[in-house]
Structures are given as C-alpha cells and as structure tokens.
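Have a look at the structure below, then the notes.
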Amino acid sequence: MMQDMDILGLVYTASVWIVPILVAVTFHEASHGFVANLLGDDTAMRLGRVTINPLKHIDPFGTILMPALLLLGSGGRFMLGYAKPVPVDFSRLNHPRRDMVLVAAAGPGANLVLAVLSAVALTSVAHLPPDAARWTGQNLVNSVWINLILAMFNMLPVPPLDGGRVAVGILPDFLARPLARLERLGILIILTGVFLLPLIGEQFGMDLNVFWWLVGVPAQALMNFLFAVLGLA
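For what it's worth, this note's numbering labels the leading residue of the sequence shown as 22, then goes sequentially.
Structure (structure tokens):
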C-alpha cells in the first residue's frame, strides 16, 4: 500500500511539472517559427515546426532529463530546459538583421505572455472542486515559474541563446561581430555556468550558482510582483 502511495505521489509530482514544461517549450519554439514565417522565412512552417504539438519540439535531454536533474539538484527551487531549436534561415527574412531580433525575442516573449496568463488563471482556481483546484493550481504556479525562468534564461546575451541573437542584432558592428563569434563556445559557457561552477563552489564552501543570480532571482522577483498585483501573494 505504501509503495502504491509513493508511486502515485511520484506520478502526481511529475504531472504538475511535465505539463507546464511541455507547454512552455512548445509555445517558445513555435513562436520563433511563427514570427519567422510572418517576416519572410517559411523554413519552420514547411518542416511542420509551427505547431503546438509538443512531440514536434521535445528534446529528450533538454526537455526531460536536464529539467529533472536541475529540479532534483536544487530541491525544487530551480530548473530550466530547452526543446529542439526551430530552424530559421535568417538570410530569407525581409530585413535580416532587424527581423533576427524580432524572431529571437518571440520565444521569450511567448513565455512572458504564458506566465501572465497562468497567473491570471490562478485567480479562478478556487471555483473548482478541491482536488481539481489543487492539481490545477500547482500546474499554474509551476507554469508561471517555468515560463519566467525560460524567459530570463533565454534573454541572457550569450549566443546561441535568444538574448545573444537580440544583442548581435542591435549592437554596433564592432561589438556585434565578436559577440557573434562566441556562438561556438556558447553551449560550453552555459553548461559551465549551470553545472560546473556550482559544483566547484560546493567544494570550497562558496555560492557560485551564477545562473540562479542572473535567472532565478529576477524570475522570483517578477513572480512575486505578478502575484502581488493579482492579489495572490
């Protein structure tokens, strides 16, 4: 009986995290493709990536394993993840440099919209039956958190993150070119910040979780602000 309860608890916990993660990364990637199509590049549309079907966007490591490891490692305090990037041919955009900024910003923008909508929906959860209210409420709270984390993380000015592409698009050439060349090292920089620095910090009794400072802290502040405005605090 106890084992059955543990399994049910695990399934419940997984469900209130998996659903908002899938929705968040799906809308993030689909938004890139949707805006790219509006601005002249139909690559993602032709490949069937402008869709809210999560199966088209799931990356086994980035969408499932990485969020789970970070969530467990942080005691439920911090997570991030990613989906398969939507292909965009920037040369086919109507105004490549300007439109690259708009396409890149579309993903984090979609996450901010989802965070606000989830917070607004929370104000109506009390009208549901108790069990449904509990499950729906936890999904929506997690949705606010996940979408804010994804928005903040992706807007870091490090290529190939969306914020890096935005920075390359708006900075003067003498700054944009060296930043664009960082793209080859971008993933290494990100993985070092997310995984390696916190581990090194633990060995020396130091807090080197730079991604929590840069992503988690502003996301928490925005979440607190949203909840305060909506009377949910």
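The beta-carbon is built from N, C-alpha and C at its ideal position, and this holds for glycine as well. No experiment lies behind these values; they were computed from the predicted model shown.
- Around the beta carbon of residue 180, 16 or more other beta carbons lie within 10 angstroms, which makes this residue buried.
- Judged by their CB atoms, residue 54 and residue 45 are not nearer to each other than the 9 Å cut-off.
- Between the alpha carbons of residue 199 and residue 109 lies a distance of about 21 Å.
- Of 35, 104 and 92, the smallest CA-CA separation from residue 51 is found for 104.
- Closest option to residue 204, judged by alpha-carbon separation, among 186, 217, 196 and 215: 186.
- Remark: fewer than three beta-carbon pairs, one from each stretch, lie closer than 8 Å, so the region 144–164 and the region 73–91 are not flagged as touching.
- Where residue 250 is concerned, the enclosing alpha helix (DSSP H) starts and stops at 238–250.
- Pairing residue 211 with residue 148, the inter-Cα distance amounts to about 42 Å.
- With fewer than three CB-CB distances shorter than 8 Å, the region 223–230 does not count as touching the region 131–147.
- At a cut-off of 4 residues, the continuous stretches assigned as alpha helix (DSSP H) that sit fully inside the region 172–247 are 183–191, 194–202, 204–212 and 218–224.
- Counting C-beta atoms within 10 angstroms of its own C-beta, residue 151 has fewer than 16 neighbours from the protein chains shown and is therefore classed as exposed.
- When secondary structure is reduced to three states using DSSP, residue 88 falls in the helix class.
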